[in-house]
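Line by line, the protein sequences are chains F and R. Taking the working numbering, the leading residue of the first sequence gets 104, the next gets one more, and so forth. Taking the working numbering, the leading residue of the second sequence gets 104, the next gets one more, and so forth. Yeah, the Cβ is synthetic: ideal placement off N, Cα and C, and Gly gets one too. Before any comments, here is the structure.
2 protein chains.
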Amino acid sequence: MKHIAIKDCKAHIGEEIALRGWVRNTRSSGKLIFIILRDGTAEIQAIAFKPSLGEEKFAVIKSLTMESSVIVTGIPQEHPKKPDVFELDINEIEIVQVAEEYPITKKEHGVDFLLSNRHLWLRSRKQWAVLRIRHTVYTGIQEYLHKEGFIRFDSPIFTPSACEGTTTLFEVPYFDLGNAYLSQSGQLYLEAGIMSLGRVYDFGPVFRAEKSKTRKHLTEFWMMDAEAAFVEHEENMRIQESLIRYVICKALTENQIELEILERDTGKLAKMDAPFPIITYEEAIEQLQNKGSDIRYGDDFGAREEEMLTEGSAVPVFIEKWPKEIKAFYMKRDPEDDDLVLGSDLISTEGFGEIIGGSQREDDYDILLGRIKAQNLPVEENQWYLDLRKYGSVPHSGFGIGLERTVAWISGVQHIRETIPFPRMIYRIQP
Amino acid sequence: MKHIAIKDCKAHIGEEIALRGWVRNTRSSGKLIFIILRDGTAEIQAIAFKPSLGEEKFAVIKSLTMESSVIVTGIPQEHPKKPDVFELDINEIEIVQVAEEYPITKKEHGVDFLLSNRHLWLRSRKQWAVLRIRHTVYTGIQEYLHKEGFIRFDSPIFTPSACEGTTTLFEVPYFDLGNAYLSQSGQLYLEAGIMSLGRVYDFGPVFRAEKSKTRKHLTEFWMMDAEAAFVEHEENMRIQESLIRYVICKALTENQIELEILERDTGKLAKMDAPFPIITYEEAIEQLQNKGSDIRYGDDFGAREEEMLTEGSAVPVFIEKWPKEIKAFYMKRDPEDDDLVLGSDLISTEGFGEIIGGSQREDDYDILLGRIKAQNLPVEENQWYLDLRKYGSVPHSGFGIGLERTVAWISGVQHIRETIPFPRMIYRIQP
Numbered sequence: 104m105k106h107i108a109i110k111d112c113k114a115h116i117g118e119e120i121a122l123r124g125w126v127r128n129t130r131s132s133g134k135l136i137f138i139i140l141r142d143g144t145a146e147i148q149a150i151a152f153k154p155s156l157g158e159e160k161f162a163v164i165k166s167l168t169m170e171s172s173v174i175v176t177g178i179p180q181e182h183p184k185k186p187d188v189f190e191l192d193i194n195e196i197e198i199v200q201v202a203e204e205y206p207i208t209k210k211e212h213g214v215d216f217l218l219s220n221r222h223l224w225l226r227s228r229k230q231w232a233v234l235r236i237r238h239t240v241y242t243g244i245q246e247y248l249h250k251e252g253f254i255r256f257d258s259p260i261f262t263p264s265a266c267e268g269t270t271t272l273f274e275v276p277y278f279d280l281g282n283a284y285l286s287q288s289g290q291l292y293l294e295a296g297i298m299s300l301g302r303v304y305d306f307g308p309v310f311r312a313e314k315s316k317t318r319k320h321l322t323e324f325w326m327m328d329a330e331a332a333f334v335e336h337e338e339n340m341r342i343q344e345s346l347i348r349y350v351i352c353k354a355l356t357e358n359q360i361e362l363e364i365l366e367r368d369t370g371k372l373a374k375m376d377a378p379f380p381i382i383t384y385e386e387a388i389e390q391l392q393n394k395g396s397d398i399r400y401g402d403d404f405g406a407r408e409e410e411m412l413t414e415g416s417a418v419p420v421f422i423e424k425w426p427k428e429i430k431a432f433y434m435k436r437d438p439e440d441d442d443l444v445l446g447s448d449l450i451s452t453e454g455f456g457e458i459i460g461g462s463q464r465e466d467d468y469d470i471l472l473g474r475i476k477a478q479n480l481p482v483e484e485n486q487w488y489l490d491l492r493k494y495g496s497v498p499h500s501g502f503g504i505g506l507e508r509t510v511a512w513i514s515g516v517q518h519i520r521e522t523i524p525f526p527r528m529i530y531r532i533q534p
Numbered sequence: 104m105k106h107i108a109i110k111d112c113k114a115h116i117g118e119e120i121a122l123r124g125w126v127r128n129t130r131s132s133g134k135l136i137f138i139i140l141r142d143g144t145a146e147i148q149a150i151a152f153k154p155s156l157g158e159e160k161f162a163v164i165k166s167l168t169m170e171s172s173v174i175v176t177g178i179p180q181e182h183p184k185k186p187d188v189f190e191l192d193i194n195e196i197e198i199v200q201v202a203e204e205y206p207i208t209k210k211e212h213g214v215d216f217l218l219s220n221r222h223l224w225l226r227s228r229k230q231w232a233v234l235r236i237r238h239t240v241y242t243g244i245q246e247y248l249h250k251e252g253f254i255r256f257d258s259p260i261f262t263p264s265a266c267e268g269t270t271t272l273f274e275v276p277y278f279d280l281g282n283a284y285l286s287q288s289g290q291l292y293l294e295a296g297i298m299s300l301g302r303v304y305d306f307g308p309v310f311r312a313e314k315s316k317t318r319k320h321l322t323e324f325w326m327m328d329a330e331a332a333f334v335e336h337e338e339n340m341r342i343q344e345s346l347i348r349y350v351i352c353k354a355l356t357e358n359q360i361e362l363e364i365l366e367r368d369t370g371k372l373a374k375m376d377a378p379f380p381i382i383t384y385e386e387a388i389e390q391l392q393n394k395g396s397d398i399r400y401g402d403d404f405g406a407r408e409e410e411m412l413t414e415g416s417a418v419p420v421f422i423e424k425w426p427k428e429i430k431a432f433y434m435k436r437d438p439e440d441d442d443l444v445l446g447s448d449l450i451s452t453e454g455f456g457e458i459i460g461g462s463q464r465e466d467d468y469d470i471l472l473g474r475i476k477a478q479n480l481p482v483e484e485n486q487w488y489l490d491l492r493k494y495g496s497v498p499h500s501g502f503g504i505g506l507e508r509t510v511a512w513i514s515g516v517q518h519i520r521e522t523i524p525f526p527r528m529i530y531r532i533q534p
């Protein structure tokens with residue numbers, strides 16, 4: 104018997120095949136039992152008809168519990184009224200395991216219960232849908248980068264010390280070398296990479312020991328950093344814009360079923376082909392003040408400000424040219440205004456917040472050294488990074504995109520913890 | 104002026120274009136200077152001719168040091184004698200930066216010096232070639248898995264405790280929860296993933312606090328773990344074999360220049376289409392003893408044994424059906440012999456050692472519980488993993504492939520530290 108994936112039923116209509124998967128639920132009506140069977144690729148309704156299966160087999164099927172594993176043989180048919188929906192009349196069924204009473208039922212469960220049972224919660228329709236969208240977003244980002252000539256360059260996770268001097272690093276005792284620190288971004292390493300490979304990216308886990316319990320924070324999350332030689336600030340934003348558009352287009356094409364399960368308003372996602380507006384930090388402050396915010400020039404933006412700035416916008420908005428004091432030391436200064444840096448944040452729509460941060464990088468040795476000293480960062484630990492400005496320095500830019508926030512935005516999921524298989528938060532490292 | 108990548112010169116023959124990159128080296132001969140220019144995508148010879156550039160410009164070009172960054176304008180031509188080799192007569196040159204004296208020269212450098220200057224060493228031709236092959240291997244593995252219906256499922260790095268009870272875990276102080284441990288494999292998590300998604304994989308960094316200084320060890324390295332529902336031992340090996348063949352074929356197609364730089368004997372790689380032999384552990388022991396080894400039944404294999412077992416073989420060799428005492432608790436027992444498990448190691452050719460470890464997994468609750476207890480592993484911490492055998496358990500299998508070892512094998516590079524951008528070893532976390 105030929106085993107096929109449920110998603111491939113369309114190509115096997117009228118042919119006897121076998122499906123292998125789990126019972127989502129069953130419903131019986133006289134001589135019929137309807138099983139919703141899932142196998143990870145899709146779901147299908149499989150129908151058991153008592154007269155053709157016989158008394159005994161029918162009773163066995165009737166006793167199937169939720170999440171029982173089965174192998175079902177039959178002939179897929181198109182649903183008489185719904186195009187592209189398929190059904191299967193069961194000719195034969197093999198029970199692999201009758202599941203014990205499944206702890207996750209249709210009733211509302213507390214989030215702590217669900218997180219403690221994350222290994223099972225993953226099977227629910229919504230979680231399945233989000234994780235499939237995560238796959239699309241990850242691979243979509245990669246496809247776009249490969250098309251644009253970026254080479255994968257995995258930055259290290261163990262880093263020697265606070266090159267960037269942040270207070271939210273996880274420490275790891277490391278043999279006789281004291282502590283190593285878990286990386287928060289591979290960017291500095293990527294800048295070395297472009298001098299060999301031209302354009303590079305990494306895409307792996309990063310870590311933030313932040314005592315934050317908001318719906319947008321995880322201690323372990325995935326980040327893609329890209330870096331390109333001879334790319335300047337404006338082009339950097341154009342690359343980001345095309346990347347986002349590419350990924351959304353891919354999700355709309357490949358994840359229709361998933362987006363429907365999540366009740367995502369796909370009409371909103373479909374509007375992304377308009378250009379993303381670029382406003383300066385200064386203009387953003389003005390807009391916010393005009394809308395009644397008491398924010399002042401020099402303040403960073405929080406979730407509330409990000410929401411106000413994209414209110415009513417169908418597409419994400421770039422905020423560029425930030426005061427140098429509130430941005431990282433490596434950002435290149437604006438040649439037109441020494442107090443600003445050529446950095447940009449991309450704020451998504453519908454209140455999902457910042458999804459990309461990027462900038463042109465400082466390529467002048469002395470200016471960079473001055474910035475390192477001004478921010479009281481260690482010069483010696485940054486010497487290798489300074490070196491990159493000594494041996495064929497070039498203008499270059501890059502950006503970092505948070506995978507989970509992007510998945511949350513595209514899926515329309517409010518809490519980031521549902522966008523990663525096993526979320527890690529301040530009070531949770533289990534299961 | 105149109106900026107193009109050096110690799111694209113072929114499509115712009117006879118057209119004036121600009122190239123942006125770094126000076127690999129220069130050589131002058133009378134009225135001519137030959138510059139080897141590299142931009143990360145490829146190299147090209149750019150030729151400065153004194154009469155057409157003028158005295159002053161020619162003198163500037165003559166002063167260019169190694170690794171200086173430049174933008175060169177000219178018209179690409181095919182080399183008169185070498186097909187597919189291109190040259191460029193320089194019409195114009197813009198010096199971006201004249202590099203200071205470059206510390207890495209043609210003379211032999213000690214490995215410690217090179218590792219301390221890894222941020223610069225990356226630019227050397229060999230390192231460039233290896234990292235491009237790494238890109239091919241990573242993306243080749245992904246392409247194969249996607250073709251076979253595997254969905255990306257990123258396992259957590261922070262894990263609650265020694266589910267697998269190994270002594271080589273890195274510990275991370277984690278807020279009020281005590282220690283978290285850095286993952287050594289995502290496999291157990293992937294087994295939860297298949298129950299939702301059918302077939303899944305992860306591909307990220309893993310960590311081993313091993314006090315080992317061999318050429319095959321890193322403390323931080325990249326691993327791909329794949330797991331599939333309803334796949335049994337034999338099919339599991341077939342998937343691995345096709346995967347390896349796919350990746351090698353991709354490298355031979357896409358990395359001809361890189362393999363030539365590395366002086367890799369590609370004839371050996373091209374022989375991979377023969378079937379990979381499968382021998383049992385017991386047969387392997389016999390073979391070794393016949394070759395004069397004093398290994399005994401029940402011993403694990405070291406580098407020497409792996410080399411002996413693949414000596415003279417054109418293709419990798421599977422060793423299957425191991426004694427259960429020397430393999431992990433989660434491997435399914437051989438139904439034909441209760442003392443063996445349905446695990447397999449794939450040993451590469453030419454002494455590059457094991458590149459894949461895989462097995463069918465134990466899917467019976469009571470047997471698995473017994474194995475956990477027999478190995479003195481904590482039952483409570485493994486309860487979530489045991490749960491997977493309660494709610495629709497299915498036969499399933501998976502395997503893990505080490506990225507760096509595979510890259511070393513395909514590249515023919517002897518030391519694994521050259522196969523990752525910034526290697527981390529017992530005495531090195533810098534730069």
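- Within the region 512-533 of chain F, the residues whose Cβ lies closer than 9 Å to any Cβ of chain R are, in chain order, I523, P524, F525, P526, R527, I529, Y530, R531, I532 and Q533.
- In the DSSP assignment, A108 (chain R) falls outside any beta strand (DSSP E), carrying neither H nor E.
- Taking 8 Å as the CB threshold, M326 (chain R) stays off the interface with chain F.
- Using a CB distance cut-off of 8 Å, K493 (chain F) counts as an interface residue toward chain R.
- Contact between the region 508-515 of chain F and the region 247-255 of chain R is absent: fewer than 3 CB-CB pairs across the two stretches fall below 8 Å.
- By a beta-carbon distance limit of 8 Å, P481 (chain R) contacts S264 (chain R). Their separation comes to about 7 Å.
- Taking the beta carbon of W487 (chain F) as reference, the chain R residues within 9 Å of it are S219, N220, R221, H222, L223, Q533 and P534, listed in sequence order.
- G252 (chain F) and R302 (chain F) have their C-alpha atoms spaced approximately 7 Å apart.
- The beta-carbon of F152 (chain F) is placed no less than 8 Å from the nearest beta-carbon of chain R.
- Per DSSP, the beta bridge partners of V175 (chain R) are R:L122 and R:I196.
- Taking a beta-carbon distance threshold of 8 Å, Q200 (chain F) counts as an interface residue toward chain R.
- Minimum Cα-Cα distance from I388 (chain R) among the listed residues R:I523, R:P378 and R:G401 corresponds to R:G401.
- Q245, H249, G252, I254, R255, F256, D257, S258, P259, I260, F261, T262 and P263: these are the residues of the region 244-264 of chain R whose beta carbon lies less than 8 Å from some beta carbon of chain F, given in chain order.
- A contact between stretches requires three or more CB pairs, one per stretch, nearer than 8 Å, and the region 188-206 of chain F meets this requirement with the region 484-496 of chain R.
- With the rule of 3 Cβ pairs closer than 8 Å, the region 327-347 of chain R counts as touching the region 499-509 of chain R.
- Within the region 179-249 of chain F, the complete alpha helix (DSSP H) runs of at least 4 residues fall at 214-219 and 221-224.
- In the structure shown, P154 (chain R) falls within a helical segment according to DSSP collapsed to helix, strand and coil.
- Annotated three-state conformation of R464 (chain F) is strand, per DSSP.
- Taking a beta-carbon distance threshold of 8 Å, G143 (chain R) counts as an interface residue toward chain F.
- The shortest C-alpha to C-alpha distance from A114 (chain F) to any of F:F189, F:A149, F:R531 and F:L156 is the one to F:F189.
- According to the DSSP assignment, G501 (chain R) belongs to no alpha helix (DSSP H) but to the beta strand (DSSP E) extending over H499 to G505.
- E483 (chain F) sits in coil when the DSSP states are folded into three classes, being neither helix nor strand.
- In this structure, the CA atom of E357 (chain R) is about 21 Å from the CA atom of M298 (chain F).
- Going by C-alpha positions, R474 (chain F) is about 25 Å away from M327 (chain F).
- Listed in chain order, the positions of the region 448-462 of chain R with a beta carbon within less than 9 Å of a beta carbon of chain F would be empty, since no residue qualifies.
- Against chain R, a Cβ distance below 9 Å from Y292 (chain F) picks out H222, P524, F525 and P534.
- Contact annotation: the region 320-335 of chain R touches the region 277-290 of chain R, with at least three C-beta pairs closer than 8 Å.
- Contact annotation: E118 (chain F) and N194 (chain F) have beta-carbon atoms that are not nearer than 8 Å.
- Taking 8 Å as the CB threshold, D215 (chain R) stays off the interface with chain F.
- Shown here, N393 (chain R) sits in a helix according to DSSP, grouped into three states.
- Nearest Cα to S155 (chain F) within the set F:V126, F:A149 and F:D192: F:D192.
- The Cβ neighbour count for I523 (chain F), taken over all protein chains shown within 10 Å, is at least 16; the residue is labelled buried.
- The beta-carbon of F278 (chain F) is placed less than 8 Å from the nearest beta-carbon of chain R.
- Ranked by Cα distance from E414 (chain R), the first of R:R527, R:N479 and R:F455 is R:F455.
- At a beta-carbon threshold of 8 Å, the residues of chain R lying near I297 (chain F) are G143, ordered along the chain.
- C-alpha of I458 (chain F) to C-alpha of I138 (chain R): approximately 42 Å in a straight line.
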